[in-house]
Each structure stands twice: as structure tokens, then as C-alpha cells.
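Engineer:
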Amino acid sequence: MKTTRARLGALIAIVALPVLLTGCSNDSELTRFGFPSPATKEGPTIITLWQGSWIAAGLVGILTWGLMIWAIVVYRRRDGDPVPAQTRYNVPIEIMYTIIPLIMILGLFYFTAKDQAALTKVSNDNTHTVNVQGWRWSWGFNYTDENVFDAGTPAHRPELWLPVDEKVKFVLTSPDVIHSFWVPAFLTKMDIVPGRHNTFEVTPNKIGTFAGKCAELCGVDHSRMLFDVKVVSRADYDAHIAELKAKGQVGQVDTGRSAVAGAAQ
Ligand SMILES: [Cu+2]
């Protein structure tokens, strides 16, 4: 019996070790469960929700695997054992395994809904607004406050410039099909639906260049719908806007079709 317990303990330790290790080390891709380091003020909320979900799932997994392994090892068949009593229609057990998953799902739902409501709330206290236009197969960025734009092609990846520590409101529009505006380092992704103005706000808080892409399979060159996000100081941002102005990129990017009425065409 002692060796059985020792084996059981070793098995549980093997299952639990990765979870315990990830809980002990500092901020890393491992502790973020594969998520990138957040580059926005809102990012840590998403990281915490993601980590919490994994830890909850891990604990349920350890308990479930532990009980299974325990039952397999302790109640394994031995020579001469008769067929054990078969349990069927045990009402308390059936009620238990209906109610416990329900509680777990409601818990996940509560935390997800709470964070989602906070993250998608548009407070309109943003410093500036960028209208992101996604089309087959590139991107245009209308800096609406400054009345300048920049646009790319599949061969020429466009750049979206943002000043650091300033809240930006993105207004997403498409003149053709559904795309999805995704900057992995922002930990935020939102669909761009023709005929709609989908909107969200973030505050980039890390200077650097971050990759962006379309996350909705939109056609043959979907994989070429790439862009770069450059989070820079306010001075560099102003200089970039002046540069776009000097190049004559004043007004709004012309996609050839109205972004909002696109669905009807
Ligand atoms: Cu797309």
C-alpha cells in the first residue's frame, strides 16, 4: 500500500510540477501562457484573465486526473477479484456533476464578461482617433484629427504610427468583405465588418514596432494583409504626420468605394 501511495504521489507531482513552476517564475512567455508581452495599458487585464482561466483549468485537470489515477491504481483488478458492484443512476452523483461544471462555467463567464465590458467600453475620452480601413488586401489609416492618411499594398506594408501613452480610438471600416484588425502585442483583435463602424480604444504604453495583421480569412491574399504599428514619442509622431502632409497625403484614403456603404454595392 505504501508503494502505491508513493507512486500516486509521484504521478501527481509530475502533473502539478509545470503549473507550480510557471506560478513561481517572473513575467515571461511561460507565465503568460504563450501570450506576448502586452504593449498597452489595457493588456494586463487580458493577461490576468488568460492566466486565471489556465490556472482554473489546471486545477480542475489535476483534481480530475488525480482522481482517475487514484481509482486506476488503488482499485485496479487483482487476481481472484470478483466483478465489483456496478453503480448506475446515482442521482446525487448525477446532480453533482451537473452543478459543479455549471458553477465553473458561470465563474469563467462572469470574469470574461466583466473584463470584456471594461475593455470594449468606448469612453470617448481618447486623445486622438484613427479610422482603420481594411480592404482586399491591405490597409489604410486615416488620422482623422490631423486629416492625413497613409495606405499600403500587399507588396508595401503600411505603417500605423501612434504616440505613446495617449489613448487612441480606432474606428474600423471595410469597403468590401469582413477583415479583422489584429495587433498581437495589443492583445486585442476586432472584426471589420462592411457597413459598420466597429470601435475600440487602447493606450499603447511601450515604444517600439509591433506586427499587425488581418485575422479573418478574407480571400486569396489574406496572408499578405500585414502592417506595422510604430509606437513613438509625441514629437516623433508629430514629425511623421508633418511628413505625410508634406507628401500630399491629406484627406482620407480613397478605396474607390465608400467604406460604410460598401456592403450595399
Ligand atoms: Cu483581410
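Take 1 as the starting number for the sequence shown in the working numbering and just add one per residue.
Heads up, the beta-carbon is just placed ideally off N, CA and C, and yes, glycines get one too.
Can you give me the Cβ contacts of S25 inside the same chain, cut-off strictly under 8 angstroms, excluding the 5 residues immediately before and after it?
Structural biologist: In this prediction, S25 scores a pLDDT of 49, lower than 50, which makes its location untrustworthy; the coordinate-derived value is nonetheless stated afterwards. Counting only Cβ-Cβ distances below 8 angstroms, and skipping sequence neighbours, we find T31.
Engineer: In whole angstroms, what is the alpha-carbon distance linking T64 and K167?
Structural biologist: 44 angstroms
Engineer: Measuring alpha carbon to alpha carbon, tell me which of G251, H179, S28, V148 ends up nearest V193.
Structural biologist: H179
Engineer: Quick one: is the Cβ of S37 within less than 8 angstroms of any heavy atom of ligand 1?
Structural biologist: no
Engineer: Kindly list the residues whose CB is nearer than 8 angstroms to the CB of T203, restricted to its own chain and excluding five residues on each side of it in sequence; keep chain order.
Structural biologist: T40, K41, E42, D165, E166, K167, V168
Engineer: Hey, would you say L162 sits closer than 9 angstroms to V253, going by beta carbons?
Structural biologist: no
Engineer: So, is the C-beta of I55 closer than 9 angstroms to a C-beta in chain C?
Structural biologist: This model lacks chain C altogether, as it is built from one protein chain only.
Engineer: Quick check on V15: does DSSP put it in helix, strand or coil?
Structural biologist: Because the pLDDT at V15 is just 49, under 50, the model does not fix this residue reliably, and the value given afterwards should be weighed accordingly. Looking at V15 - three-state DSSP - the assignment turns out to be helix.
Engineer: Pull up the DSSP beta-bridge partners for N126, would you.
Structural biologist: DSSP, once it has assigned bridges, lists no residue as partnering N126.
Engineer: Starting from T40, follow its DSSP beta bridges and name the residues at the other end.
Structural biologist: P204
Engineer: Where does A85 sit, in a helix, a strand or coil, going by DSSP?
Structural biologist: coil
Engineer: Taking the alpha carbon of V268 as the reference point, which residue from P184, R157, W139 has its own alpha carbon closest?
Structural biologist: Nothing about residue 268 can be reported from this structure: the residues present for the chain run from 1 to 265 only.
Engineer: Kindly indicate the opening and closing residues of the alpha helix (DSSP H) around Y143.
Structural biologist: Careful: Y143 lies outside any alpha helix (DSSP H), inside the beta strand (DSSP E) at 138-143.
Engineer: Given this structure, state the Cα-to-Cα distance separating D238 from V130, to the nearest angstrom.
Structural biologist: 14 angstroms
Engineer: I think D221 touches R136, with their Cβ atoms under 8 angstroms apart; what is that distance to the nearest whole Å?
Structural biologist: 7 angstroms
Engineer: For V132, which residues does DSSP report across the bridge?
Structural biologist: F141, L172
Engineer: Quick check: what's the CA-CA separation for W182 versus G212?
Structural biologist: 6 angstroms
Engineer: Answer with buried or exposed for S174, where buried requires no fewer than 16 other C-beta atoms within 10 angstroms of its C-beta.
Structural biologist: buried
Engineer: So what's D150 in DSSP terms, helix, strand or just coil?
Structural biologist: Residue state, collapsed to three classes: strand.
Engineer: For F200 versus T120, is the C-beta spacing smaller than 9 angstroms?
Structural biologist: Yes, they are a contact pair.
Engineer: With distances taken from each beta carbon to the nearest heavy atom of ligand 1, which residues come in below 6 angstroms, in chain order?
Structural biologist: G134, H179, C214, E216, C218, H222, M225
Engineer: Could you have a look at A211 and say whether DSSP puts it in helix, strand or coil?
Structural biologist: Reduced to three states, the DSSP call for A211 is strand.
Engineer: Mark M225 as exposed unless 16 or more other C-beta atoms lie within 10 angstroms of its C-beta, in which case mark it buried.
Structural biologist: buried
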